[in-house]
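J.: This structure is in C-alpha cells; I'll ask about it shortly.
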Amino acid sequence: VLDPISVCDCGNVINAGDSVVMPGIVDSHVHVNEPGRTEWEGFWTATRAAAA
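To convert, note that position 2 of the sequence shown is 8 in our numbering; the numbers rise steadily by one, no gaps.
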C-alpha cells in the first residue's frame with residue numbers, strides 16, 4: 007500500500023477522516039407501492055419520475 011501523497015501529485019489531498027468518499031455513486035434503491043402499502047409511491051409514477 008502506497009502513501010496517498012505519493013500516488014498522485016496532481017492536486018489537493020482532503021482528509022475525510024473515517025468517512026467514505028465515492029464520487030459518482032448513485033443510490034438507485036427505491037421502494038414503490040406493494041400490495042397493502044398505499045403510503046408508498048406507485049409503480050407508474052415512480053418509473054415516470056425516474057425516467058424524467
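From the three backbone atoms N, C-alpha and C, an ideal C-beta is built for every residue, glycine too.
All of these numbers come straight from a predicted model, not from anything done at the bench.
Quick check: the Cα distance between Asn39 and Phe49, rounded to an integer number of angstroms?
T.: For the purposes of this step, residue 39 is identified with residue 33 of the sequence shown, where counting begins at 1. For the purposes of this step, residue 49 is identified with residue 43 of the sequence shown, where counting begins at 1. Cα to Cα, Asn39 sits roughly 6 Å from Phe49.
J.: Which residue comes first and which comes last in the alpha helix (DSSP H) that contains Arg54?
T.: Counted from its first residue, the sequence shown places residue 54 at position 48. Looking at the DSSP string, the run of the alpha helix (DSSP H) that includes Arg54 is 49-57.
J.: Nearest-angstrom Cα distance between Asp24 and Trp46?
T.: Sequence index remark: in the sequence shown, residue 24 carries index 18 (1-based). Sequence index remark: in the sequence shown, residue 46 carries index 40 (1-based). Near 34 Å, if we compare the C-alpha coordinates of Trp46 and Asp24.
J.: Just the Cα atoms here: how many angstroms apart are Val26 and Asp33?
T.: Here residue 26 corresponds to residue number 20 of the sequence shown, with the count starting at 1. Here residue 33 corresponds to residue number 27 of the sequence shown, with the count starting at 1. Computed Cα separation, rounded: 14 Å.
J.: To the nearest angstrom, how far is it from the Cα of Val84 to the Cα of Ile31?
T.: Outside the shown range of the chain (7 to 58) lies residue 84, about which nothing can therefore be said.
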